[in-house]
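Below: one structure, written as structure tokens.
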Amino acid sequence: MQALNVLLIGSGGREHSLAWAISRSSFLKHLYIAPGNPATADLGSNLTLNVSDHAEVLTFCKDQNIDLVIVGPEQPLVDGITNYLTEEGILVFGPDDVGARLEGSKSFAKEIMAKYGVPTADHLTFVDENLQDAEQWILEHDVFPVVLKADGLAAGKGVFISTSKEEAFEHLSEIRNSPSLSGAASKLVIEEFMQGEEASVFAICDGENFVVLPAAQDHKRIGDDDTGPNTGGMGAYSPAPVMTEELMESVKNDVIKPMLYGMQKEGHPYKGALYVGLMIKDEKAKVVEFNCRFGDPECQILMPKITSDVLELLYRAASGTLPEYNLTFDEKTWVCVVMASKGYPGSYPKGYEITGFQNLKSDQLVFHAGTSKDSEGKLVTSGGRVLAFTASGDDLLSAIKNAYDGVSQISFKDAYYRKDIGQKGLRH
Ligand code: AMP
Ligand code: GLY
Numbered sequence: 476m477q478a479l480n481v482l483l484i485g486s487g488g489r490e491h492s493l494a495w496a497i498s499r500s501s502f503l504k505h506l507y508i509a510p511g512n513p514a515t516a517d518l519g520s521n522l523t524l525n526v527s528d529h530a531e532v533l534t535f536c537k538d539q540n541i542d543l544v545i546v547g548p549e550q551p552l553v554d555g556i557t558n559y560l561t562e563e564g565i566l567v568f569g570p571d572d573v574g575a576r577l578e579g580s581k582s583f584a585k586e587i588m589a590k591y592g593v594p595t596a597d598h599l600t601f602v603d604e605n606l607q608d609a610e611q612w613i614l615e616h617d618v619f620p621v622v623l624k625a626d627g628l629a630a631g632k633g634v635f636i637s638t639s640k641e642e643a644f645e646h647l648s649e650i651r652n653s654p655s656l657s658g659a660a661s662k663l664v665i666e667e668f669m670q671g672e673e674a675s676v677f678a679i680c681d682g683e684n685f686v687v688l689p690a691a692q693d694h695k696r697i698g699d700d701d702t703g704p705n706t707g708g709m710g711a712y713s714p715a716p717v718m719t720e721e722l723m724e725s726v727k728n729d730v731i732k733p734m735l736y737g738m739q740k741e742g743h744p745y746k747g748a749l750y751v752g753l754m755i756k757d758e759k760a761k762v763v764e765f766n767c768r769f770g771d772p773e774c775q776i777l778m779p780k781i782t783s784d785v786l787e788l789l790y791r792a793a794s795g796t797l798p799e800y801n802l803t804f805d806e807k808t809w810v811c812v813v814m815a816s817k818g819y820p821g822s823y824p825k826g827y828e829i830t831g832f833q834n835l836k837s838d839q840l841v842f843h844a845g846t847s848k849d850s851e852g853k854l855v856t857s858g859g860r861v862l863a864f865t866a867s868g869d870d871l872l873s874a875i876k877n878a879y880d881g882v883s884q885i886s887f888k889d890a891y892y893r894k895d896i897g898q899k900g901l902r903h
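The sequence shown begins at 476 in our numbering and counts up one residue at a time.
Written out as structure tokens, the structure is:
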């Protein structure tokens with residue numbers, strides 16, 4: 476394999492961890508990150524590129540002889556950046572716009588799962604301007620809790636779990652009236668509520684073949700013991716003991732294989748990371764959701780866990796040569812704890828100085844998400860999720876201790892983090 480010029484799109488903790496892993500590759504010529512963050516600037520060249528202008532991205536790729544574009548977040552994929560660049564001969568890690576609809580449209584994901592026999596919650600899709608039919612359905616049925624999902628990308632805010640008829644009506648009117656969900660509001664999925672424990676599996680796919688990374692568990696709610704509103708994810712660990720070897724085999728055979736086969740049949744072979752969100756009960760897994768990219772913060776623990784060359788992995792997925800790759804991992808457990816601005820996932824102040832990086836050990840890593848440099852060059856908070864403190868240990872307990880030891884060293888005003896990351900795993 477030749478050395479590569481790489482363009483990585485994105486700016487969060489996920490992209491920092493990807494940049495960190497790519498920068499260690501023996502196949503890297505130069506790494507560009509658009510737009511990146513203060514930490515990725517130490518690993519490559521941060522760029523100001525208008526990523527939603529695909530022609531501008533293409534011009535950059537041609538000017539700088541980019542060999543591979545890696546797309547971190549979902550929006551550019553849903554917008555079809557892969558289609559555009561691929562047609563112009565640029566290799567891209569990340570699915571085309573139809574593959575990305577597995578995340579971008581809840582009803583499309585359900586349709587594909589039903590067509591190719593992938594286990595998931597029973598559902599109904601309602602399509603009408605004012606969701607009158609959905610309202611009528613709720614009126615006539617008594618099956619609570621039930622899950623309402625607005626179609627379309629909604630940054631985790633489009634899913635509502637209704638425990639009663641009254642609540643379902645409230646959620647319906649929230650969906651109708653929310654400006655951020657309005658685009659999605661004419662299509663609604665109502666689905667069966669699944670009990671169980673959640674875990675995520677990442678399949679790296681080359682259109683036909685795939686490899687899986689060790690299962691991870693995220694912590695989506697803001698509060699300890701999974702309380703309070705949903706967030707992008709407050710911490711994660713891997714491997715997740717809830718995912719036994721047998722279960723992983725069944726996820727490969729019953730979920731990933733039929734999805735890859737299905738997307739091929741649909742004329743859109745899936746290349747990129749397929750995020751399989753699962754609900755596990757009685758040693759059986761059903762799909763909660765798909766995402767068309769790596770998880771954030773799951774990526775921040777999976778990148779350090781991989782001991783083989785990550786850039787080669789992503790290149791082989793994009794170029795359809797995965798069978799030539801030998802994926803290896805370390806034996807450690809990795810844990811990350813997200814440090815957030817107080818107020819997140821609601822509004823929060825910005826601009827607080829972040830300190831405490833001087834005494835990190837080699838198995839402690841900090842991945843930046845919402846940070847920036849102020850006019851004096853000081854590192855300050857600039858987002859809800861500020862950073863992910865990532866650490867390893869010989870087992871889950873020692874990894875948790877190592878991560879929280881690191882968190883206690885980092886400080887910024889009103890830092891908030893969950894105190895129970897990984898506790899679910901200890902119960903197994
Ligand atoms: P989604 O965006 O589809 O992943 O939904 C966000 C979160 O809502 C998931 O991580 C689950 O915690 C929860 N959720 C979604 N669908 C279901 C379901 N059918 N049953 C139980 N919980 C669900
Ligand atoms: N950690 C959840 C997500 O990336 O969607």
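Ideal Cβ placement from N, Cα and C applies to all residues, glycine included. Note that the structure is predicted; figures quoted are calculated from it, not measured.
Is the stretch 845-865 close to the stretch 820-832, with three or more CB pairs under 8 Å? yes
Quick one, which of Leu482, Arg489, Gln477 has its alpha-carbon nearest Gly447's? A question about residue 447 goes unanswered here, because the residues of the chain that appear run from 476 up to 903.
CA-CA distance, Asp869 and Lys537? 45 Å
Suppose the cutoff is 7 Å on Cβ atoms and the five residues either side in sequence are ignored; what does the same chain contact list for Asp700 look like? Asp895
So Tyr712 is in the beta strand (DSSP E); what residue range does that whole segment cover? 710-713
Which residues in the same chain have their Cβ closer than 6 Å to the Cβ of Ile875, if we skip the five residues on either side of it in sequence? Val810, Gly897
Entirely within the stretch 606-680 and at least 3 residues each: give me those beta strand (DSSP E) ranges in chain order. 621-625, 634-637, 662-667
Separation of Thr719 from Tyr750, as counted between CA atoms: 18 Å
Any heavy atom of ligand 2 closer than 6 Å to the beta-carbon of Gly770? yes
Any idea if Asn801 is buried or exposed, counting beta-carbon neighbours within 10 angstroms, 16 or more meaning buried? exposed
Leaving aside the five residues before and after Lys504 along the sequence, list all residues of the same chain whose C-beta is less than 7 Å from its C-beta, in chain order. Ala478, Leu479, Asn480
Less than 7 Å between the C-beta atoms of Lys624 and Val664, yes or no? yes
CB-CB length for Thr600 against Lys662, believed under 8 Å: 7 Å
Please indicate yes or no: does the CB of Asp693 lie closer than 6 Å to some heavy atom of ligand 2? yes
Is any heavy atom in ligand 2 found nearer than 6 Å to the beta carbon of Asn766? yes
Would you check whether ligand 1 has a heavy atom nearer than 6 Å to the C-beta of Val593? no
Among Phe568, Glu604, Glu562, Tyr507, which has the Cα closest to the Cα of Tyr745? Phe568
Taking all protein chains shown into account, decide if Val618 is buried (16 or more other Cβ within 10 angstroms of its Cβ) or exposed. exposed
Measuring alpha carbon to alpha carbon, tell me which residue in Ala690, Arg576, Trp495, Asp805 is nearest Ile679. Ala690
Hey, how far is the Cα of Pro716 from the Cα of Ser675? 12 Å
At which residues does the beta strand (DSSP E) containing Arg489 begin and terminate? From DSSP, Arg489 is part of no beta strand (DSSP E) but of the alpha helix (DSSP H) over 488-498.
Any 3 or more C-beta pairs closer than 8 Å across the stretch 784-801 and the stretch 571-584: no
Could you give the uninterrupted runs of the alpha helix (DSSP H) lying entirely in the stretch 774-844, keeping only those of 4 residues or more? 785-794
beta-carbon Met709 near ligand 1 non-hydrogen atom, thresh 6 Å: no
Span of the beta strand (DSSP E) holding Asn705? 702-705
Of the choices Arg860, Lys848, Val813, whose alpha-carbon is the least far from that of Ser822? Arg860
Closest by CA to Ser847, which one among Ile508, Thr803, Asn512? Asn512
Does His903 pass the burial test, meaning 16 or more other C-beta atoms within 10 Å, or should it be called exposed? exposed
With Gly752 as the anchor, note down where its beta strand (DSSP E) starts and where it stops. 746-756
Gln670 classed as buried or exposed, judged by whether at least 16 other C-beta atoms fall within 10 angstroms: exposed
Quick one: what does DSSP say Glu764 is sitting in, helix, strand or coil? strand
Any heavy atom of ligand 1 closer than 6 Å to the Cβ of Ala496? no
Give me the residue from Phe668, Ser653, Glu610 with the minimum Cα distance to Ala643. Glu610
In this structure, how does DSSP classify Met859 when only helix, strand and coil are distinguished? Checking the sequence shown, residue 859 turns out to be Gly, not Met. Residue state, collapsed to three classes: coil.
DSSP state of Pro594 mapped onto helix, strand, coil: coil
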